[in-house]
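Numbering-wise (the working numbering), the sequence shown opens with residue 270 and increments by one.
Where is the CB? At the ideal position from N, CA and C, for every residue including glycine.
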Amino acid sequence: QRLKSFYLESIVPKLKEQFKYKNIHQIPKIKKIVINRGLDESSQNSKILEVLYTEIKNISGQAPITSKSKKAIANFKLKENMSIGMFVTLRGEIMYSFLDRLINLALPRIRDFQGLSPKSFDSLGNFSIGLNEQLMFPEIEFDKVSKIEGMDICIVTTAKNKEEALFLLKLLGMPF
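This is the structure we're talking about:
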């Protein structure tokens, strides 16, 4: 895997030098990537659900889990056990493969892309991106898209703060 070997060979020494880590286990790394997609009322159609399921599976390389509502809420027109979202958690080789495709293929295809906001980090060094459409991924065929829907991508790191995580993701090639 290209990105993982790049991390181990060139990023780890830079991180060690920059933050003066004494132990190799202190060096921040990417723990997991969670891709989440909320579904609206129109997505309750089983054919649309199947298309959205296939899209996330093609983008991530892993089958997503459908999240269902625990109870009915009339104000949201929500019934119990209704599909309200899909998510997939990527780890290991699949995670690095997805991150490589996100950085080098998907993000450059966004129209009027100005770079990612460094304000999207939480206090623990995790980074979240909200995407407006799925068409930026090369795995998605424009003809087969039934509905343009966004998704949230959360990159969970072992960094202790924002600065470490920002430095790590910049070295990996994230466009800030």
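{"query": "K439 vs G394 beta-carbon contact at 8 Å", "result": "no"}
{"query": "Span of the beta strand (DSSP E), counted from its first residue to its last, around G307", "result": "I299 to G307"}
{"query": "Those residues which DSSP pairs with S397 across a bridge", "result": "C423"}
{"query": "Validate contact between the region 351–362 and the region 290–298 using beta carbons, cut 8 Å, 3 pairs", "result": "no"}
{"query": "Other residues of its chain near A434: CB distance less than 8 Å, five sequence neighbours each side excluded", "result": "P297, F390, G394, N395, F396, T426 and A428"}
{"query": "8 Å Cβ cutoff met for I304 and S329", "result": "yes"}
{"query": "Where I280 falls, given that 16 or more other Cβ within 10 Å makes a residue buried", "result": "buried"}
{"query": "Residue range of the unbroken alpha helix (DSSP H) whose run includes V281", "result": "V281 to F288"}
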